[in-house]
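Asker:
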Amino acid sequence: MMNVIILEGRLVADPELRYTPQGVPVAHFRMAVDRPFVGQDGNKETDFFQLVAWRKLGETVANNLTKGRLVSVRGRLQMRQYEAQDGSKRTVYEINCDEVNFLDRRPEGAGAPGDAGASTQTEELPDDLPF
């Protein structure tokens with residue numbers, strides 16, 4: 001079975017970097033992806049996705065991306081359930097990112113230096129895989 005999602009779009013807000021109680025960094029961000037067709041009203045339709053990047057990838061996303069940046073992501077769809085403050089149960093669907101690619105150049109004078117088109121992955125696969 002496979003659970004792989006690949007998206008290309010623009011961030012709709014700056015990523016938020018938080019830390020778990022164990023100190024693990026996690027970045028939350030949202031992305032807008034235009035559909036490849038025009039709706040009945042003549043306008044492009046857009047889907048919005050919630051994304052999560054953990055550990056080093058999360059820090060890289062939070063330190064290098066801002067609202068409006070063009071990125072591609074590869075990850076998996078996950079469902080998360082939690083209890084809200086009012087006691088109701090909530091369900092959230094989000095993309096857990098394995099890879100984030102920066103597709104445009106960083107705006108001049110914005111944050112730390114970085115390479116345009118940089119790709120960051122959460123883990124490397126060994127070269128001796130049997131397939």
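So in full-length UniProt numbering, spot 22 of the sequence shown is number 22, and the numbers just go up one at a time. All C-beta atoms in this analysis are idealised placements derived from N, C-alpha and C, irrespective of residue type, glycine included. Remember, it's a predicted structure, so these values are computed and weren't measured experimentally.
1) Find the nearest neighbour of W54 within the set N3, L70, V73 and D98, judged by alpha-carbon distance.
2) Could you tell me the boundaries of the beta strand (DSSP E) in which A27 lies?
3) Just the C-alpha distance for F37 and R74, rounded to the nearest angstrom, thanks.
4) Going by DSSP, what residues sit across from R89 in a beta bridge?
5) Could you tell me if M1 is buried or exposed, where buried requires 16 or more neighbouring beta carbons within 10 angstroms of its beta carbon?
6) Can you round the beta-carbon distance between A27 and V61 to whole angstroms, since I take them to be within the 8 Å contact cut?
7) Give me the Cα-Cα distance between N3 and L77, rounded to the nearest whole angstrom.
8) Indicate the three-state DSSP secondary structure (helix, strand or coil) for L7 in the structure shown.
9) So the candidates are E83, L70 and I95; which of them puts its Cα closest to the Cα of R106?
10) May I have the straight-line CA-CA distance separating M79 from P25, to the nearest angstrom?
11) Give the secondary structure of T20 by DSSP, where H, G and I count as helix, E and B as strand, and everything else as coil.
12) CA-CA distance, V100 and I5?
13) What are the start and end residues of the alpha helix (DSSP H) that includes V52?
Answerer: With the given structure in hand:
1) D98
2) P25 to V38
3) 22 Å
4) Residue identity differs from the one stated: residue 89 is Lys in this sequence, not Arg. BP columns for K89 point to E83.
5) exposed
6) 5 Å
7) 7 Å
8) strand
9) L70
10) 20 Å
11) coil
12) 12 Å
13) That residue, V52, is in no alpha helix (DSSP H); its beta strand (DSSP E) goes K44 to W54.
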